[in-house]
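Contents: one structure, followed by commentary.
Numbering (the UniProt record's numbering), first residue to last: 1 to 299.
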């Protein structure tokens, strides 16, 4: 088999055996394609079965000049996963990535917005345009429910359980969770769904998709980024923001207002509580108030 055949088999393994999401599989596949391009450009004719550590180190060194340590760490992780798969399938006896070290990236602190900044973003939406009500519902949903951008674009009408006060989210690894949805978010989703979405020429296969573009098809992740970036420019917001910024802000504001980490973890769909703990640092004043309020020896 050539590289592409092994990669295709690897993709099937990630999907069927590991149950990973399409986005995660695409990221792993992109890293493998990057390796194939490097081999081709340097006229290195070697198969996945015999490629050695030295060649992979050359590739990683070349990549390190183009990407930041966090991206480099992700690429190394993807390569390790690929060669572990080859061992699992008895294509290889060892992994050439075994001794390759992952760069220390540290824990990046997430960007957040103040409540006033989020209000300003939403207020800047032109509700007279055809996409205005949709965009308001999108921002209210991302911030109101703390969704990943992939979870937002995949959200279905059949996932809305407004009478119970929840929406069903399919997250990483196709794991499902129920997230509470507030009255305000429900209100703006209903306005869009009942007054705007019904006027679209909805294309086959997207009848149940909640947020659609003007052609009646599912929105792309890139379009959500564009919507938010354009609004940031409109209000002269100097912070570099993305849909994930609203998700971070959702978690931070809940913590600041007294929510416990376990509840935030469940709403965000974090596999581990340690991932959620990144938010603890974000408001030192809040933590001081918690200590002064609840510690038995505060006086």
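From the three backbone atoms N, C-alpha and C, an ideal C-beta is built for every residue, glycine too. No experiment lies behind these values; they were computed from the predicted model shown.
Among the candidates the options, whose CA atom is the shortest distance from the CA of residue i?
i           : options               : result
residue 117 : 239, 293, 256 and 95  : 239
residue 143 : 189, 16, 5 and 88     : 189
residue 212 : 54, 155, 257 and 261  : 155
residue 94  : 131, 50, 72 and 67    : 50
residue 269 : 70, 40 and 150        : 150
residue 205 : 46, 218, 224 and 194  : 218
residue 165 : 178, 30 and 146       : 178
residue 45  : 196, 267 and 2        : 2
residue 174 : 16, 209, 193 and 43   : 16
residue 125 : 227, 263 and 249      : 227
residue 9   : 20, 61, 37 and 89     : 89
residue 243 : 187, 258 and 111      : 111
residue 74  : 266, 30 and 42        : 30
residue 80  : 199, 68, 191 and 60   : 60
residue 249 : 22, 67, 7 and 115     : 115
residue 232 : 256, 66, 187 and 122  : 122
residue 131 : 187, 191, 183 and 182 : 191
Check whether the Cβ atoms of residue i and residue j sit closer than 8 Å, and answer yes or no.
i           : j           : result
residue 113 : residue 276 : no
residue 32  : residue 83  : no
residue 185 : residue 141 : yes
residue 176 : residue 169 : yes
residue 99  : residue 48  : no
residue 229 : residue 24  : no
residue 78  : residue 28  : yes
residue 56  : residue 97  : yes
residue 102 : residue 138 : no
residue 152 : residue 196 : no
residue 62  : residue 235 : no
residue 146 : residue 247 : yes
Roughly how many whole angstroms lie between the Cα atoms of residue i and residue j?
i           : j           : result
residue 127 : residue 221 : 22 Å
residue 18  : residue 26  : 14 Å
residue 160 : residue 180 : 10 Å
residue 136 : residue 129 : 11 Å
residue 92  : residue 52  : 11 Å
residue 278 : residue 5   : 39 Å
residue 237 : residue 133 : 22 Å
residue 215 : residue 201 : 7 Å
residue 326 : residue 34  : The question about residue 326 has no answer, for the chain in this structure spans 1 to 299.
residue 71  : residue 163 : 42 Å
residue 157 : residue 193 : 9 Å
residue 293 : residue 260 : 15 Å
residue 36  : residue 58  : 13 Å
residue 198 : residue 265 : 35 Å
residue 68  : residue 7   : 25 Å
residue 209 : residue 43  : 46 Å
residue 271 : residue 21  : 14 Å
residue 258 : residue 267 : 15 Å
residue 203 : residue 187 : 25 Å
residue 54  : residue 41  : 17 Å
In the DSSP output, what is residue i paired with across the bridge?
i           : result
residue 209 : 156
residue 167 : 160 and 179
residue 218 : 212
Please confirm if residue i has its CB atom under 8 Å from at least one CB of chain C.
i           : result
residue 159 : Among the chains of the structure shown, chain C does not appear; only one protein chain is present.
* Which full runs of the beta strand (DSSP E) of 3+ residues lie inside the UniProt domain "Core-binding (CB)" (1 to 87), going along the chain? -> none
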